[in-house]
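Undergrad: Protein chains in written order, with my numbering: chain A, 30 to 268; chain B, 1234 to 1600.
In this text, a Cβ means the ideal position worked out from N, Cα and C, and glycines have one as well.
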Ligand SMILES: Nc1ncnc2c1ncn2[C@@H]1O[C@H](COP(=O)(O)OP(=O)(O)OP(=O)(O)O)[C@@H](O)[C@H]1O
Ligand SMILES: [Mg+2]
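Spelled out as C-alpha cells, the structure:
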C-alpha cells in the first residue's frame, strides 16, 4: 500500500531524513518510535507532501503510484489521511463546517462527535482554545470522517488522559478492523499499542531508521535500555 | 398598514444593490423603514407603536424637544459639523420598550456626481432596546458620488442600541461618516460596521462617550479592501463614567487596497476597562494595512490592552485544510471567510444569519 524507497529529505537545506526504506501492506499497521527531534513528524509530513520538506532522493509509492510530485490535496484524494501532532487553529472556521465537508452523512458526524465527546466543540473555531486532549480527539474525529485508506497518526495519544485514550483507541481499532485500512503511527507512550494491533515497528534516530521488530517487545526494550540500544541492531534497510 | 410598501419606491434595477446593504425590501423582518435617495426622503414609516421614525426636517419643525438633540452631541465635544445637510432620519424608541425586529434606514445615491449630505439622530429612551440597520448603497449611475453622514446617538440610562451599518458603494464613490454617541449610565452601545464592496475612499472616526457609570461600548468592523480602495477607519471610546467598558474589534482583508485601522480608547475615570483588537490579512502584494491602536489614561486603576496582528494567510492553515482534501484555493477562501466571521458582531440569531448570508453572497467570487 505504502512504500518508501531510499528517501532523503531536507528542510531549509538541512538533511533531516537519510535514506529511509520501509513498506506497509494493505490492512497492516506499523509503529514508529524514536527520540524527540529524530525526524518522525518530518517523515509523515513528507509523505503528505507539505511545503518545505524537500525530497532530495528516493521515492514515495502509494497504491502503486509514485506520488513524489503530487500535491497534498491529490494525495488525500488518493487515500492518505493525517492526524496532526500540532494542528493549527483557524479563526472563524467551525469544526462542524469542516466535518460537513469530510462527510456528507449528518448521522455519522453526530455519532462520531458523541463517541469522541466533541458535540460541544462542533460550533467552536477549529482548535482555537482546545485543550491538548481535545485537539487530539478533534484530529481523530476529522480523519475518521475523512475515511482514508491509509492513516498517518502523529502521536495520537500524547497529552490525552487515560479514559480518553481508551475511547480514542477503541475508535481507531474499530476503524482499522477493516481489512482495507492501513496505518503508520508514531508513539512515545506506547498506550495506543494496547488498542491497535500493529505488525511491525521500527525506530528512527537522527533521521535514520534502525531495527525492525514486534512493537510491544521493542517498546519494552526502549523502556528498559533506551534508544541507544536500538542502534546496536543495525538494520538500515528495513523492509 | 401593509408591509413591503417600500418596494414601490425602489426601481427593479436598484433592488439587488439595496438588498446587499442589509435592507429588507419585504419589510417582513423590520419594525420601521426609512429610505432616502440623493436628497429626498421618499419613504419613512414605522410599523411599531414603540418606534418614531421621520425625516429630520419634519422632526426639526414638529418636535419641541429636538433642540436637546440636534447638534448637541457634537457640541458636547466642542466639535463642528457641516450645516448644509439635506435629509437624514430622526429615530426614537420609547422608554422601556424592547423592539424585537430591527429598524432599517436606507441611504441611496442615485444620480451621477451627487453629493448626499444627511444628518441623523437616534434616541433610545431609558431602558429601551433596539437593533438598527443602516444600509448605504449607490446606483449603477452614481459615478463620482459623495456621501456625508452625520449621526448623533443618544443612548439613555439602561438602554441598549445595536447599530449595524453596511456600506455597499461602488468604486468611484467617496464617503465620510461623522458620528458621536453619548451613552448614559448602565446603557450599552454596539456599533457594527461592514464594508465588503469596492469604494474609492471612506474616512471615518466615530466617537462614543460613555458618560454614565457602568456603560458599555463595542465597535466591530469587517472590511474587505479591493484594489484602488482606501479605508481610513477608526473607532474611539472615551471612558468617562466609573466602571465603564469598551471593546474595539477590527478585521480587515486587503485584496490590494489600502486600509488604515485606527482605534483609540481613553480612560477618564477609575475602574474602567478597554480592549482593542485589530487583525489584518493581506492577500495581494499591493495591499497595505496600517494598524494604529492608541490607549490613554491619567489613572492607575484602569485596565487597557490591545492586540494587533497583520500578515499573510498562514501557510500552515492552508496546508492543514489541504490535508483534509481542500484545494489551496478552497482553503484560502474558507480561511478568509472565517476571518470575516459575523459571530464577532454580537447580533441576535436571526440577524446574524441574515448578515452571514449577505456576506456569503458578497464574498462569492471576490477572491
Ligand atoms: N520546518 C522546519 N524548519 C526547521 N527545522 C525543522 C522543520 N521541521 C523539522 N525540523 C527539524 O527537523 C528535526 C526533526 O523534527 P521532527 O518534527 O520530524 O521530529 P520528531 O521526531 O517528530 O520529534 P518529536 O518526538 O519531538 O515530535 C528537528 O531537529 C526539527 O527541529
Ligand atoms: Mg513529532
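On the three-state DSSP scale, how would you describe residue 212 of chain A?
TA: Counted from its first residue, the first chain places residue 212 of chain A at position 183. Strand, per DSSP.
Undergrad: Suppose the cutoff is 7 Å on Cβ atoms and the five residues either side in sequence are ignored; what does the same chain contact list for residue 1334 of chain B look like?
TA: The residue you call residue 1334 of chain B lines up with position 101 of the second chain. So the qualifying residues of the chain are 1262, 1263 and 1264.
Undergrad: For residue 1570 of chain B, count the other beta carbons within 10 Å of its own beta carbon; 16 or more makes it buried, fewer makes it exposed. Which is it?
TA: The residue labelled residue 1570 of chain B in the question sits at position 337 within the second chain. Under this definition residue 1570 of chain B is a buried residue.
Undergrad: At which residue ranges does the stretch 1441-1478 of chain B contain complete beta strand (DSSP E) runs of 3 or more residues, listed in the order of the chain?
TA: If we require 3 residues or more, the beta strand (DSSP E) runs fully inside the stretch 1441-1478 of chain B come out as 1449-1458 and 1463-1472.
Undergrad: Are the CB atoms of residue 81 of chain A and residue 45 of chain A within a distance shorter than 7 Å?
TA: Taking the first chain and counting its residues from 1, the one referred to as residue 45 of chain A is at position 16. Taking the first chain and counting its residues from 1, the one referred to as residue 81 of chain A is at position 52. Not in contact: residue 45 of chain A and residue 81 of chain A (Cβ atoms no closer than 7 Å).
Undergrad: Using a Cβ-Cβ distance cut-off of 7 Å, determine whether residue 1454 of chain B contacts chain A.
TA: Numbered from its first residue, the second chain carries residue 1454 of chain B at position 221. No - not a single Cβ of chain A is within 7 Å of the one on residue 1454 of chain B.
Undergrad: Can you list every residue whose CB sits closer than 6 Å to some heavy atom of ligand 1, going in chain order?
TA: That query returns the following residues: A:40, A:41, A:45, A:63, A:65, A:66, A:67, A:68, A:69, A:70, A:71, A:81 and A:114.
Undergrad: Residue 1296 of chain B CB to nearest chain A CB: under 7 Å?
TA: By one-based count along the second chain, residue 1296 of chain B stands at place 63. For residue 1296 of chain B, the answer is no, since every Cβ of chain A falls outside 7 Å of its Cβ.
Undergrad: Applying the criterion that 16 or more other CB atoms from any shown protein chain within 10 Å of the CB defines a buried residue, is residue 268 of chain A buried or exposed?
TA: The residue labelled residue 268 of chain A in the question sits at position 239 within the first chain. Low confidence applies to residue 268 of chain A: its pLDDT is 41, below 50, so where it sits in the model is not reliable, and the reading given next is rough at best. So residue 268 of chain A ends up on the exposed side.
Undergrad: Helix, strand or coil for residue 1255 of chain B per DSSP?
TA: Translated into the one-based positions of the second chain, residue 1255 of chain B becomes position 22. The answer is coil: DSSP assigns residue 1255 of chain B none of H, G, I, E or B.
Undergrad: Check the C-beta distance from residue 1330 of chain B over to residue 1283 of chain B and give it rounded, since I have them as a contact under 8 Å.
TA: Position 97 of the second chain, counted from the first residue, corresponds to residue 1330 of chain B. Position 50 of the second chain, counted from the first residue, corresponds to residue 1283 of chain B. Rounded, the Cβ-Cβ distance is 4 Å, consistent with contact.
Undergrad: Buried or exposed for residue 1469 of chain B, please, with buried defined as at least 16 other CB atoms from any protein chain shown within 10 angstroms of its CB.
TA: For the purposes of this step, residue 1469 of chain B is taken as the residue at position 236 of the second chain. Counting Cβ neighbours within 10 Å, residue 1469 of chain B comes out buried, since at least 16 surround it.
Undergrad: Rounded to whole angstroms, what's the CA-CA distance from residue 1520 of chain B to residue 120 of chain A? Just pull it up for me.
TA: Numbered from 1 along the second chain, position 287 holds the residue referred to as residue 1520 of chain B. Numbered from 1 along the first chain, position 91 holds the residue referred to as residue 120 of chain A. Each residue's Cα considered, the two are about 21 Å apart.
Undergrad: Can you check which of these residues, B:1327, B:1280 and B:1356, is closest to residue 1301 of chain B by C-alpha distance?
TA: Position 68 of the second chain, counting from 1, holds the residue named residue 1301 of chain B. Answer by Cα proximity: B:1356.
Undergrad: The alpha helix (DSSP H) with residue 173 of chain A in it runs from where to where?
TA: Mapped onto the first chain, residue 173 of chain A falls at position 144. Note, residue 173 of chain A: alpha helix (DSSP H), 161-175.
Undergrad: So that I know if they touch, is there some Cβ in chain A lying closer than 7 Å to that of residue 1550 of chain B?
TA: Numbered from 1 along the second chain, position 317 holds the residue referred to as residue 1550 of chain B. Answer yes: the Cβ-Cβ gap between residue 1550 of chain B and chain A drops below 7 Å somewhere.
Undergrad: How big is the Cα-Cα spacing for residue 34 of chain A and residue 1568 of chain B?
TA: The residue you call residue 34 of chain A lines up with position 5 of the first chain. The residue you call residue 1568 of chain B lines up with position 335 of the second chain. In a straight line, the C-alpha of residue 34 of chain A is about 36 Å away from that of residue 1568 of chain B.
Undergrad: With residue 1396 of chain B and residue 1365 of chain B assumed to form a contact (beta carbons below 8 Å), what rounded beta-carbon distance in angstroms separates them?
TA: Position 163 of the second chain, counted from the first residue, corresponds to residue 1396 of chain B. Position 132 of the second chain, counted from the first residue, corresponds to residue 1365 of chain B. Going by Cβ atoms, the distance from residue 1396 of chain B to residue 1365 of chain B rounds to 5 Å, so yes, they are a contact pair.
Undergrad: Would residue 257 of chain A be called buried (16 or more neighbouring beta carbons within 10 Å of its own) or exposed?
TA: Against the first chain, residue 257 of chain A aligns to sequence position 228. Exposed is the call here.
Undergrad: Quick one, which residues of the stretch 1555-1571 of chain B are near chain A if we go by CB-CB under 8 Å, in chain order?
TA: Hits within the stretch, in order: 1555, 1556, 1557, 1558, 1559, 1560, 1561, 1567, 1568, 1570 and 1571.
Undergrad: Closer than 7 Å, CB to CB, is residue 141 of chain A near chain B or not?
TA: On the first chain, residue 141 of chain A is found 112 positions in, with the first residue counted as 1. Cβ-Cβ to chain B under 7 Å: no for residue 141 of chain A.
Undergrad: Is residue 121 of chain A close to chain B, meaning its C-beta is less than 7 Å from at least one C-beta of that chain?
TA: Position 92 of the first chain, counted from the first residue, corresponds to residue 121 of chain A. Yes - at least one Cβ of chain B is within 7 Å of the one on residue 121 of chain A.
Undergrad: Against chain A, does residue 1574 of chain B count as a neighbour if the rule is that its beta carbon must be under 7 Å from one of theirs?
TA: One-based indexing of the second chain puts residue 1574 of chain B at position 341. Output row for residue 1574 of chain B: interface = yes.
Undergrad: Beta carbons nearer than 8 Å to chain B: which residues of the stretch 158-190 of chain A have them?
TA: Within the stretch 158-190 of chain A, the residues whose Cβ lies closer than 8 Å to some Cβ of chain B are 171 and 175, listed in chain order.
Undergrad: Between the C-alpha atoms of residue 1379 of chain B and residue 1345 of chain B, what's the straight-line distance to the nearest angstrom?
TA: Numbered from its first residue, the second chain carries residue 1379 of chain B at position 146. Numbered from its first residue, the second chain carries residue 1345 of chain B at position 112. Roughly 10 Å separates the two Cα atoms.
Undergrad: So residue 1290 of chain B is in the alpha helix (DSSP H); what residue range does that whole segment cover?
TA: Taking the second chain and counting its residues from 1, one reaches residue 1290 of chain B at position 57. Run containing residue 1290 of chain B: 1289-1295, per the alpha helix (DSSP H) assignment.
Undergrad: Please list, in chain order, the chain A residues whose beta carbon lies closer than 7 Å to that of residue 1428 of chain B.
TA: By 1-based counting over the second chain, the position of residue 1428 of chain B is 195. Chain A residues near residue 1428 of chain B: none, gap ~18 Å exceeds 7 Å.
Undergrad: Please work out which residues of its chain come closer than 7 Å, Cβ to Cβ, to residue 200 of chain A, disregarding the five sequence neighbours upstream and downstream, and give them in chain order.
TA: Start at 1 with the first residue of the first chain, and residue 200 of chain A comes out as number 171. Same-chain partners within the cutoff: 144, 145, 169 and 173.
Undergrad: In chain order, what are the residue ranges of uninterrupted alpha helix (DSSP H) at least 4 long that sit wholly in the stretch 1531-1572 of chain B?
TA: List check, alpha helix (DSSP H) in window: 1548-1555 and 1561-1572.
Undergrad: Which term fits residue 1532 of chain B, buried or exposed, when burial requires 16 or more other beta carbons within 10 angstroms of its beta carbon?
TA: Taking the second chain and counting its residues from 1, the one referred to as residue 1532 of chain B is at position 299. Counting Cβ neighbours within 10 Å, residue 1532 of chain B comes out exposed, since fewer than 16 surround it.
Undergrad: Is the beta carbon of residue 58 of chain A less than 7 Å from the beta carbon of residue 238 of chain A?
TA: In the first chain, counting from the first residue as 1, residue 58 of chain A sits at position 29. In the first chain, counting from the first residue as 1, residue 238 of chain A sits at position 209. Not closer than 7 Å, so no.
Undergrad: DSSP puts residue 1270 of chain B in a beta bridge; with which residues?
TA: Counting from one through the second chain, the residue named residue 1270 of chain B turns up at place 37. According to DSSP, residue 1270 of chain B bridges with B:1273 and B:1341.
Undergrad: My understanding is that residue 1367 of chain B touches residue 1398 of chain B, with C-beta atoms under 8 Å, so please give their C-beta distance in whole angstroms.
TA: As a first step, residue 1367 of chain B is located in the second chain; it is residue number 134 there, counting from the start. As a first step, residue 1398 of chain B is located in the second chain; it is residue number 165 there, counting from the start. Yes, residue 1367 of chain B and residue 1398 of chain B are in contact; Cβ-Cβ is about 5 Å, under 8 Å.
Undergrad: Could you give the C-beta distance for residue 1511 of chain B and residue 1524 of chain B, rounded to a whole number, given that I count them as a contact under 8 Å?
TA: Numbered from its first residue, the second chain carries residue 1511 of chain B at position 278. Numbered from its first residue, the second chain carries residue 1524 of chain B at position 291. 4 Å between Cβ atoms; contact.
Undergrad: How many Å lie between residue 1311 of chain B and residue 1431 of chain B at the Cα?
TA: Working through the second chain from its first residue, we reach residue 1311 of chain B at position 78. Working through the second chain from its first residue, we reach residue 1431 of chain B at position 198. Approximately 34 Å, taken between the alpha carbons.
Undergrad: What would DSSP say about residue 130 of chain A, mapped onto helix, strand or coil?
TA: Sequence index remark: in the first chain, residue 130 of chain A carries index 101 (1-based). In this structure, residue 130 of chain A counts as helix in the three-state DSSP scheme.
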